[in-house]
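Numbering (full-length UniProt numbering), first residue to last: 1 to 369. Don't be surprised by glycine CBs; every beta carbon is placed ideally from N, CA and C.
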């Protein structure tokens, strides 16, 4: 639907698809970084396990410096710069030059410190707060029924034994309100996307009006200014010693500038590894070498004499309720039961009903069939 943005004769107005694409790129950075940290933390847990446990804070700190650098140098966020976009301060009185210019940022439309700090808040702080709110909702049990998990995310406790404290009431209210608030927030953003698509609003996000900025495409004047700066920099680097000194001084900036090429490449590589090592990947057939036999699964623990007896004839039936297994759940011992049967037994006895192996409720694992 590019034609929606070409009717008005404004070639520098970005399409909705460009704006959504740069947001999706920004959203992919955090899971890709977390995946890399988790992989390396398995080999170096002493140094990285704390970073993995505080990944949201670690990612927010990194993105603060990255986004701040790009806003100061390019008047754009990292993802916006990757897609050839820039932020211009919205003029109080729209003029023909500001609305139909073919490139460059007029001096009166460059971002001031106030616009940059507000942009940083919505680029770094708001995603961090949303991630923490969602994590807290998951800790409280998320969408799991309250008859399985308590209001604080722990194992189920009878309602008459739950203390009616202020903290428990807050958790109960939060679990009920958060999905509705999150849905309303997404609908709000969708409404602005539709309004921007049909030119009912100049902003595709509601907070851009409060910040006072517009998103524009880079024009020929922007590339001309950058080429002139690069030529001036090359002329200053006359000697080898001066050139080496300038490289050392500008190395942090060079690293940050290279992120717009390195991070998308790293995201593609990480996503490729996820696909390659996923259980359902066709690459599994290529890696399953016929040079040797497949590794057999570990043997199940033998039943304890005082445990519930099991036999091969009861395959597919829960050893506890004797019925067909409903919502199959495996215990660390390797035996599979109905989730309700396994949860109730482990909660009251703390052991596997067959092997009497000590077991905790959080060790139950759902079996996908």
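In the structure shown, residue 328 falls within a strand segment according to DSSP collapsed to helix, strand and coil. The residues 201, in chain order, have a CB closer than 7 Å to that of residue 195 in the same chain once the five nearest residues on each side in sequence are set aside.
The three-state reading of DSSP puts residue 88 in strand, counting E and B together. Beta-bridge analysis with DSSP links residue 317 to 324.
The three-state secondary structure of residue 165, taken from DSSP, is coil. In this chain, the alpha helix (DSSP H) harbouring residue 53 covers 45–53. Taking all protein chains in view, the Cβ of residue 115 is crowded by 16 or more other Cβ atoms within 10 Å, so the residue is classified as buried.
In this structure, DSSP gives residue 129 a helical state, which the three-state scheme calls helix. Non-local beta-carbon contacts of residue 118 in its own chain, meaning distances under 6 Å to residues more than five positions away in sequence, involve 211 in chain order. Where residue 33 is concerned, there is no enclosing beta strand (DSSP E), although the alpha helix (DSSP H) around it starts and stops at 16–41. Between the stretch 78–90 and the stretch 12–21, the count of C-beta pairs closer than 8 Å reaches three or more; the two stretches touch. As the crow flies, the alpha-carbon of residue 121 is around 48 Å from that of residue 341. Straight-line spacing of the CA atoms in residue 131 and residue 125 works out to 10 Å. Under the DSSP assignment, residue 215 falls in the beta strand (DSSP E) whose first and last residues are 213–217. Here residue 79 is buried. Its C-beta has 16 or more other C-beta atoms within 10 Å. When the beta-carbon positions are compared, residue 304 and residue 354 come within less than 8 Å of each other. Apart from sequence neighbours up to five positions away, the residues of its chain that approach residue 112 with a beta-carbon distance below 8 Å are 89, ordered along the chain. In the three-state scheme derived from DSSP, where H, G and I count as helix and E and B as strand, residue 341 is classed as helix. Here the alpha carbons of residue 343 and residue 173 stand approximately 26 Å from one another.
By the Cβ criterion, the stretch 326–336 is in contact with the stretch 347–366, since at least three pairs of Cβ atoms, one from each stretch, lie closer than 8 Å. For residue 116, the enclosing alpha helix (DSSP H) begins and ends at 113–120. The Cβ atoms of residue 12 and residue 216 lie closer than 8 Å to each other. Note on geometry: alpha-carbon atoms of residue 26 and residue 71 lie some 15 Å from one another. Going by beta carbons, residue 140 and residue 110 fall outside the 8 Å limit. Between the alpha carbons of residue 198 and residue 213 lies a distance of about 20 Å.
If you check the CB distance, residue 310 and residue 302 do not come in under 8 Å. If you draw a straight line from the Cα of residue 183 to the Cα of residue 205, it is about 16 Å long. Beyond the five residues adjoining it in sequence on each side, residue 333 comes within less than 8 Å, by CB distance, of 300, 301, 352, 354, 355, 357 and 359 in the same chain, given in chain order. Here residue 359 carries a coil assignment [DSSP, helix/strand/coil].
Looking from the CA of residue 74, the closest CA among 29, 222, 191 and 46 belongs to 222. Sorting 52, 323, 190 and 123 by C-alpha distance to the C-alpha of residue 63 places 123 at the top. Taken through DSSP and simplified to helix, strand or coil, residue 365 comes out as strand. Between residue 23 and residue 128, the gap from beta carbon to beta carbon reaches 8 Å or more.
CA-CA distance, residue 60 to residue 264, rounds to 18 Å. In the three-state reduction of the DSSP assignment, residue 336 falls in the strand class.
With fewer than 16 neighbouring CB atoms inside 10 Å of its own CB, residue 47 falls in the exposed class.
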